[in-house]
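Colleague: Can you read through this structure? Questions will come right after.
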């Protein structure tokens, strides 16, 4: 089973890296860029086929390590 | 005082802090991050500076989950001293020993320079050798030293007097211009509510010998060793 965990900064948390990327995109004349927020993506291979168990395990993984909930939100998507 | 200095993969300031502790009269043992127990009779656990796990994921995130951190949290819960310097401060925050988090410097640059700090209070185990409000001359060297916490946590830190050091000018004035990384309220270091855990981004262990340009860092280690004797 494949899963994808996406970790993003919470609203209101300053993201200087996103700002720098935003500036670079603008300098490349990419049209219409309003703002950029940088996040992280984790593609995770899981054994077993119980989706509910996988979701619970990945939620624990996010809370324990993948995200720092002081500044970050996370989203878990389970694939096929 | 018996100090245990933890070495993580990527720590690089464990030798310097050990030297500073020995100079102040402490007995130092080096402990590997994979160990599960601290040496018997440990008074102080030191999380040294460096780049543990190459700063992968988030600074201090992986080291903060190391086996030895369970023993370190138990030590802190018993009232034992824990000192986290630079990457050690980041590790302490990630391990839940201190609130908040250190994020990328607001200007995105790594800063490596001499920096004055204002000593907020001198009635703690870490600062008794300094004067309240004293400006001390230490070093900073970090890319992720921008301290942030939610409004409630920040209000609690300020309200309970848990800010240890603030970035300041040579006269001890805490100004925006003296803030090297964007930290909220110029915060350079914070205590746990019991004042037994201290995390700070600057390196007091760099300035312990006039040979390298200053000795203002000595006070912190002398305070710690002295507090043990007094206890």
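Residue numbers (the numbering used here), protein chains in the order written: chain A, 31 to 110; chain B, 64 to 294. By construction, the Cβ of each residue, glycine as well, lies at the ideal position given by its N, Cα and C atoms. All values derive from a computational prediction rather than experimental measurement.
Check for me: the alpha helix (DSSP H) holding residue 200 (chain B) runs from which residue to which?
Modeller: Not the alpha helix (DSSP H): residue 200 (chain B) falls in the beta strand (DSSP E), residues 198–205.
Colleague: Given that residue 101 (chain A) touches chain B, what residues does it touch there, using C-beta distances under 8 Å?
Modeller: Here the neighbours are 164, 166, 211.
Colleague: What is the C-beta distance between residue 255 (chain B) and residue 171 (chain B), in whole angstroms, given that I count them as a contact (C-beta under 8 Å)?
Modeller: No, residue 255 (chain B) and residue 171 (chain B) are not in contact; Cβ-Cβ is about 30 Å, not under 8 Å.
Colleague: List the DSSP bridge partners of residue 105 (chain A).
Modeller: A:36
Colleague: Distance check for residue 85 (chain B) and residue 294 (chain B), CA to CA, integer angstroms please.
Modeller: Caution is warranted here: a pLDDT of 49 is assigned to residue 294 (chain B), below 50, making its placement in the model unreliable, and no coordinate value can be reported.
Colleague: Considering only residues of the same chain and omitting the five flanking positions on each side of residue 81 (chain B), which have a CB-CB separation below 6 Å?
Modeller: 68, 91
Colleague: Look up residue 183 (chain B) in the DSSP assignment and say whether it is helix, strand or coil.
Modeller: coil
Colleague: Smallest Cα separation from residue 41 (chain A): which of A:108, A:103, A:61?
Modeller: A:103
Colleague: Can you check which of these residues, B:78, B:88, B:76, is closest to residue 284 (chain B) by C-alpha distance?
Modeller: B:88
Colleague: So, is the C-beta of residue 157 (chain B) closer than 8 Å to a C-beta in chain A?
Modeller: yes
Colleague: Which residues of chain B have a Cβ atom closer than 8 Å to the Cβ of residue 98 (chain A), listed in chain order?
Modeller: 121, 124, 157, 164
Colleague: With a cut-off of 8 Å on the beta carbons, I'd call residue 261 (chain B) and residue 208 (chain B) a contact; round off their distance for me.
Modeller: At roughly 15 Å, the Cβ-Cβ gap does not stay under 8 Å, so residue 261 (chain B) and residue 208 (chain B) are not in contact.
Colleague: State the Cα-Cα distance for the pair residue 74 (chain A) and residue 183 (chain B), rounded to the nearest angstrom.
Modeller: 46 Å
Colleague: On the three-state DSSP scale, how would you describe residue 72 (chain A)?
Modeller: strand
Colleague: State the DSSP-derived secondary structure class of residue 143 (chain B), mapped to helix, strand or coil.
Modeller: coil
Colleague: If you reduce the DSSP assignment to three classes, tell me which class residue 149 (chain B) lands in.
Modeller: coil
Colleague: Whose C-alpha, out of A:45, A:99, A:37, is nearest the C-alpha of residue 65 (chain A)?
Modeller: A:45
Colleague: If we define contact as Cβ-Cβ less than 8 Å, is residue 50 (chain A) a contact residue for chain B?
Modeller: Using beta-carbon distances, residue 50 (chain A) counts as an interface residue toward chain B, with a partner under 8 Å.
Colleague: Which of helix, strand or coil does DSSP assign to residue 294 (chain B)?
Modeller: Low confidence applies here, because residue 294 (chain B) scores a pLDDT of 49, under 50, leaving its location unreliable and the question unanswered by this model.
Colleague: To which residues of the same chain is residue 71 (chain B) closer than 6 Å at the C-beta, ignoring the five residues directly before and after it?
Modeller: 96, 115, 126
Colleague: Output yes if chain A places a C-beta closer than 8 Å to the C-beta of residue 294 (chain B); else output no.
Modeller: A caution first: residue 294 (chain B) carries a pLDDT of 49, below 50, which makes its placement in the model unreliable, though a value can still be read off. No, its Cβ sits nowhere closer than 8 Å to a Cβ of chain A.
Colleague: Entirely within the region 199–272 of chain B and at least 4 residues each: give me those alpha helix (DSSP H) ranges in chain order.
Modeller: 214–222
Colleague: Quick check: the region 96–108 of chain B against the region 81–91 of chain A, are at least 3 beta-carbon pairs closer than 8 Å?
Modeller: no
Colleague: What does residue 128 (chain B) touch in chain A if you count any residue whose Cβ is under 9 Å from its own?
Modeller: For residue 128 (chain B), the neighbours in chain A by C-beta distance under 9 Å run, in chain order, 94, 95.
Colleague: What residues of chain A sit near residue 287 (chain B), judged by a beta carbon separation below 9 Å?
Modeller: Neighbours of residue 287 (chain B) on chain A: none; closest Cβ ~28 Å, over 9 Å.
Colleague: By how many angstroms is the C-alpha of residue 39 (chain A) removed from the C-alpha of residue 94 (chain A)?
Modeller: 17 Å
Colleague: Mind pulling the beta strand (DSSP E) runs of 3 or more residues that sit fully within the region 69–148 of chain B?
Modeller: 90–95, 107–110, 144–148
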